[in-house]
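Trainee: Protein chains in written order, with our numbering: chain A, 1202 to 1661; chain B, 1202 to 1661. The beta carbon of each residue, even a glycine, is placed where N, CA and C say it ideally should be. For clarity, every value in this text was computed on a predicted model and none was experimentally measured.
Protein chains: 2
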Amino acid sequence: MSGRTRTADDPAPWVTDENAALLTDLYQLTMLQAYWREGMSGEAVFSLYFRTLPPARNFMLFAGLGAVLRYLERLRFHTDALDYLASLGLFCDAFLRSLETLRFRGDVWAVPEGTPVFSNAPLLEIAAPIAEAQLAESFVMNQIHVQTVLASKAARVVAAAQGRPVVDFGLRRMHGADAALKGARAYHVAGIEATSNLLAGRVFDLPVAGTMAHSYVQAHDREADAFRAFTGLYPETILLVDSYDTLAGVRRVVELARELGAAFRVRGVRLDSGDLGALAREARRILDQAGLPGVEIFASGGLDEYRVAELVQGGAPIDAFGVGTRMGVSADAPDLDLVYKLTAYAGTGRVKTSPGKELLPGRKQVFRFEQDDLAVRDVLATCDEVHPGRPLLEPVLRRGERLDAGRASLADARARAAAELARLPERLRALEPAAPPYPVVVSERLRAEQLRVRARVAGA
Amino acid sequence: MSGRTRTADDPAPWVTDENAALLTDLYQLTMLQAYWREGMSGEAVFSLYFRTLPPARNFMLFAGLGAVLRYLERLRFHTDALDYLASLGLFCDAFLRSLETLRFRGDVWAVPEGTPVFSNAPLLEIAAPIAEAQLAESFVMNQIHVQTVLASKAARVVAAAQGRPVVDFGLRRMHGADAALKGARAYHVAGIEATSNLLAGRVFDLPVAGTMAHSYVQAHDREADAFRAFTGLYPETILLVDSYDTLAGVRRVVELARELGAAFRVRGVRLDSGDLGALAREARRILDQAGLPGVEIFASGGLDEYRVAELVQGGAPIDAFGVGTRMGVSADAPDLDLVYKLTAYAGTGRVKTSPGKELLPGRKQVFRFEQDDLAVRDVLATCDEVHPGRPLLEPVLRRGERLDAGRASLADARARAAAELARLPERLRALEPAAPPYPVVVSERLRAEQLRVRARVAGA
């Protein structure tokens, strides 16, 4: 099984619609073959949720549904995948033939993208023949996890910036190409203004933005030459002033303004190192004294929500932020304990009883109860209960076909996030841990059902 | 620029060889147009390195070169990308036509994959016409960053396991599809035994492994039924015993052994929750007493190098580990301050002088000096110096064509990592911060050259 004799070029090291069925854990396929052998083709219900919020989060912002629905609609094993599976020596021909025709024909309910979500409440539920629902686990989790983790981090940065635009500079240090692409999408949901990532701009029709790099300044013999040339081509650009000495760089921008007179239309300067608060103040003073109050100050370099909040609260005259790595990897909470659990099979509720990992059986609904336009609590209930408040889970696929709620656009998701975040109590929108945390309660009927199923399982 | 009128389906939300040229920051393209307008087509040297090790790392394990070489060999703007760029209203037709024919024709030197690397030492250097080298920055960083971060984390987990196999279970919570795919590759370099990720197995010819999920056990009315059915199909499988009560699960495996007699060939049991050390001891005792000393114990659930070390050092009778999320996101150090900096243009050394971000000019070489088969220090030198020790940077592409050193296989990288890690001093291979850290020194000539370039820049 070594790579010794392989060329690096075939197959291409990319995930696409064509090979996504193989982006799964081996055990999903061995279990599928077992279900098939045992004639287990009953309907399974799987529920996607997280057990606890990361310590540094008061809510998560749900994102990534689009990628999941696309996957489920297209799910199939192409020849290359079947040949690979055959090569493993674990699967019989008849089972592999059954995979050829496997399609996702189940039902899916989900919370809309851009909804703030809390622990133990289902974000998505799948009811489908067990093979279809089981197989999807790894991909569904991978895509919802990355987008939800990154959207949740970005929502905090946006909140900290208090209305100042935040631009995504994360591409170079996000975890791989897909995180950079889907992350830019998740950031858009969370209220990020624009991304530097051109492919994300292309694929998701996002606003793109950028300034200039140190290398451009360095490649010129004089900083002033770089500023003059770049401004000639892009009159309304933002000039990066910290390659050598930040305040000297700002003064060069002032000189350029004198040189160009009315033709000077530079939009701003970017500070990317040093004490950003102090430098922003000095830069503002220099620009204002030179009669350039319209030249904005853009700050970047090692920023996250805490640093942005510190700058904003400290009154630093910064007009916009570029945020890269720490938002790009969600540095303080890079993972979420998202799980995808079987809650019913063949019409019977299922649980497990591993310590700390208990689960609620059956299909469910989440009701968000609000008072005075502020969220008060979520109630987890069985899917046929009615409780006060808005039901959050809505049908998005039925028998494998996309329903209207599954067609929400990215713009819808962004608008929803803005509206829903405004309806969270202040303490949840703060960067500090909310006390008390948001209450999520289990309905009496669901709790009784859980006890009933646990008792049945204990007797088995 | 909203997504309102777009369908979710075109273009596909995946990065591939075809669209990878657009996986770059907008400013790379605006700079490229500026270079083109200014007639700046001179050779640029860019150097990829990181400034500081994360606090919890004594070395990083270099990985990801394969993806970079593939990208550089195939780099081109296809029609869709050019149409998108045209739509931004920032680029003139003549420049876009020049992009049509842009290919990477430069030279690349790199440290071999699987080499332990340290701060400030170049991992990769590119010398190419400035447009080609500038454009590549975002992609090169993205791919080297994720693989190096994940390989480095995995090397620690492998070290902690002290020879016990470690299997990658990270797919579901790694950051997106590409991180899961490339991460499995990086893990292989670092000495991970196998991955659960089938697509990674397919693409990189990696050993794949897996057991069974709780859902399979839950879908059966009795745990014993699940064990019996799965074992019937996969006699040498590993049974997951913690769905309800771990030790009761182990006893069910014992019962199955009695039932099957000589036909019982189950390889092991997997513990996935609770106090893994205590449960492993109890499980071992139960299995041994039942005359099943050959049934192995496999542990998973919330593991990282610290927890694995604790279990191993505590003498827990665990034969292999499944490690997922915390290794999958490199939870304690999800990012590295990897940078890609211009160090020469048109034959002249370049630096910047932003505080804390100084750089060393020109093309360089890194010499690793060893004594008694143990690494003693790295020396950073100009590319034409000779120092004692092994030069680490070797040419991998020349004028855009792959050289022999650029064809190293993944098996080579894995073997190299094992050999090179064995040549690190003990204190660097420990999980705790090494005191003193590994010394990286700058040669006198390189330091003099840096001072010379800084003086020139200061006068400009």
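Could you tell me which residues DSSP puts in a beta bridge with B:Asp1489?
Mentor: According to DSSP, B:Asp1489 bridges with nothing at all.
Trainee: Between the alpha carbons of A:Arg1459 and A:Arg1429, how many angstroms are there, rounded?
Mentor: Rounded to the nearest angstrom, the two C-alpha atoms are 12 angstroms apart.
Trainee: Under three-state DSSP, which class holds A:Asp1473?
Mentor: Three-state DSSP puts A:Asp1473 in coil, outside helix and strand.
Trainee: Using a Cβ-Cβ cut-off of less than 8 angstroms, list which residues of the region 1391-1410 of chain B approach chain A; keep chain order.
Mentor: Listed by position along the chain: Ser1397, Asn1398, Leu1399, Leu1400, Gly1402, Arg1403, Val1404, Phe1405, Asp1406, Leu1407, Pro1408, Val1409, Ala1410.
Trainee: Is the beta carbon of A:Thr1412 less than 8 angstroms from the beta carbon of A:Thr1447?
Mentor: Not in contact: A:Thr1412 and A:Thr1447 (Cβ atoms no closer than 8 angstroms).
Trainee: Using a C-beta to C-beta distance shorter than 8 angstroms, which residues of chain A count as neighbours of B:Ala1239?
Mentor: It is worth fixing the name first, because residue 1239 of chain B is Glu in this sequence and not Ala. Result: Ala1430.
Trainee: Span of the alpha helix (DSSP H) holding A:Thr1583?
Mentor: Premise fails: A:Thr1583 lies in the beta strand (DSSP E), 1575-1583, not in any alpha helix (DSSP H).
Trainee: DSSP three-state call for B:Val1312: helix, strand or coil?
Mentor: Three-state DSSP puts B:Val1312 in coil, outside helix and strand.
Trainee: Just by C-beta distance, which residues in the region 1372-1391 of chain B are closer than 9 angstroms to chain A?
Mentor: Listed in sequence order: Leu1372, Arg1373, Arg1374, Met1375, His1376, Gly1377, Ala1378, Asp1379, Ala1380, Ala1381, Leu1382, Lys1383, Gly1384, Arg1386, His1389.
Trainee: Could you name the residues of the same chain whose beta carbon sits closer than 7 angstroms to that of A:Val1216, not counting the 5 residues immediately before and after it, in chain order?
Mentor: Cβ within range, chain order: Leu1224, Asp1379.
Trainee: According to DSSP, simplified to helix, strand and coil, what is B:Val1454?
Mentor: If DSSP states are grouped into helix, strand and coil, B:Val1454 belongs with the helices.
Trainee: Assuming B:Tyr1445 is part of the beta strand (DSSP E), what are its boundary residues?
Mentor: It is not in any beta strand (DSSP E) - B:Tyr1445 carries neither H nor E in the DSSP assignment.
Trainee: Closer than 8 angstroms by C-beta to A:Tyr1507: which residues in its own chain qualify, once you throw out the five before and the five after it? Chain order, please.
Mentor: Here the set comprises Ala1361, Leu1632.
Trainee: Quick one: is A:Glu1672 buried, meaning 16 or more other Cβ sit within 10 Å of its Cβ, or exposed?
Mentor: The structure shown does not extend to residue 1672 of chain A, since chain A is modelled only from 1202 through 1661, so no value can be given for it.
Trainee: Just confirm the distance between the C-beta atoms of B:Tyr1272 and B:Ala1221, as a whole number of angstroms; I'd bet it's less than 8 angstroms.
Mentor: Going by Cβ atoms, the distance from B:Tyr1272 to B:Ala1221 rounds to 6 angstroms, so yes, they are a contact pair.
Trainee: Tell whether a beta-carbon distance below 8 angstroms holds between A:Ala1213 and B:Asp1218.
Mentor: Cβ distance < 8 angstroms, so A:Ala1213 and B:Asp1218 count as in contact.
Trainee: Between A:Ala1534, A:His1421, A:Leu1399, which has its C-alpha nearest B:Ala1245's C-alpha?
Mentor: Comparing Cα-Cα distances from B:Ala1245 to each of A:Ala1534, A:His1421, A:Leu1399, the minimum goes to A:His1421.
Trainee: Please identify the residue among A:Arg1482, A:Val1442, A:Gly1525 whose C-alpha is closest to the C-alpha of A:Gly1503.
Mentor: It is A:Gly1525.
Trainee: How about A:Thr1302: is its C-beta nearer than 8 angstroms to some C-beta of chain B?
Mentor: Chain B, which has no Cβ nearer than 8 angstroms to the Cβ of A:Thr1302, makes this no.
Trainee: Counting only beta-carbon separations shorter than 8 angstroms, does B:Arg1551 have a partner in chain A?
Mentor: Yes - at least one Cβ of chain A is within 8 angstroms of the one on B:Arg1551.
Trainee: Between the region 1297-1304 of chain A and the region 1610-1628 of chain A, are three or more C-beta pairs nearer than 8 angstroms?
Mentor: With the cut-off at 8 angstroms, the region 1297-1304 of chain A and the region 1610-1628 of chain A do not touch.
Trainee: Do you know whose CA, among B:Ser1242, B:Val1269, B:Gln1229, B:Leu1477, lies nearest B:Gly1607's CA?
Mentor: Ranking B:Ser1242, B:Val1269, B:Gln1229, B:Leu1477 by Cα distance to B:Gly1607 puts B:Val1269 first.
Trainee: Please check the pair B:Gly1265 and B:Lys1354, which I expect to be a contact at CB under 8 angstroms, by giving their CB distance rounded to whole angstroms.
Mentor: Rounded, the Cβ-Cβ distance is 14 angstroms, inconsistent with contact.
Trainee: What residues match up with A:Ala1329 in a beta bridge as DSSP calls it?
Mentor: Per DSSP, A:Ala1245.
Trainee: Touching or not, the region 1323-1341 of chain A and the region 1464-1482 of chain A, by the rule of three or more beta carbon pairs under 8 angstroms?
Mentor: With a cut-off of 8 angstroms, the region 1464-1482 of chain A and the region 1323-1341 of chain A do not count as touching, because too few Cβ pairs lie within range.
Trainee: Are the beta-carbon atoms of A:Arg1564 and A:Ala1545 separated by less than 8 angstroms?
Mentor: In this structure, A:Ala1545 lies closer than 8 angstroms to A:Arg1564 by Cβ.
Trainee: Which residues in chain B sit within 9 angstroms of A:Lys1565, going by Cβ to Cβ distance?
Mentor: Neighbours of A:Lys1565 on chain B: none; closest Cβ ~16 angstroms, over 9 angstroms.
Trainee: When DSSP labels each residue in this structure, what does A:Ala1360 get in the three-state scheme?
Mentor: In the structure shown, A:Ala1360 sits in a helix (DSSP, three-state: H, G or I).
Trainee: Quick one: is B:Asp1211 buried, meaning 16 or more other Cβ sit within 10 Å of its Cβ, or exposed?
Mentor: The residue is exposed, with fewer than 16 neighbouring Cβ atoms inside 10 Å.
Trainee: Would you mind giving the Cβ-Cβ distance between A:Phe1319 and A:Tyr1639, rounded to the nearest angstrom? I have them listed as a contact below 8 angstroms.
Mentor: At roughly 5 angstroms, the Cβ-Cβ gap stays under 8 angstroms, so A:Phe1319 and A:Tyr1639 are in contact.
Trainee: For A:Tyr1507 and chain B, any beta-carbon pair shorter than 8 angstroms?
Mentor: It does not: the Cβ of A:Tyr1507 has no partner Cβ on chain B nearer than 8 angstroms.
Trainee: Could one say the Cβ of B:Trp1215 lies closer than 8 angstroms to chain A's Cβ atoms, at least one of them?
Mentor: It does: the Cβ of B:Trp1215 has a partner Cβ on chain A nearer than 8 angstroms.
Trainee: With a threshold of 8 angstroms, are at least 3 pairs of Cβ atoms found where one atom belongs to the region 1343-1357 of chain B and the other to the region 1324-1332 of chain A?
Mentor: Short answer: they don't touch.
Trainee: Taking a cut of 8 angstroms between CB atoms, which residues from the region 1473-1495 of chain A lie near chain B?
Mentor: So the close ones are Asp1473, Ser1474, Gly1475.
Trainee: 8 angstroms is my cut-off, CB to CB: does A:Ile1519 come that close to chain B?
Mentor: No, because no Cβ of chain B sits closer than 8 angstroms to the Cβ of A:Ile1519.
Trainee: So, are the CB atoms of B:Gln1651 and B:Leu1561 less than 8 angstroms apart?
Mentor: For B:Gln1651 and B:Leu1561, yes; Cβs fall inside 8 angstroms.
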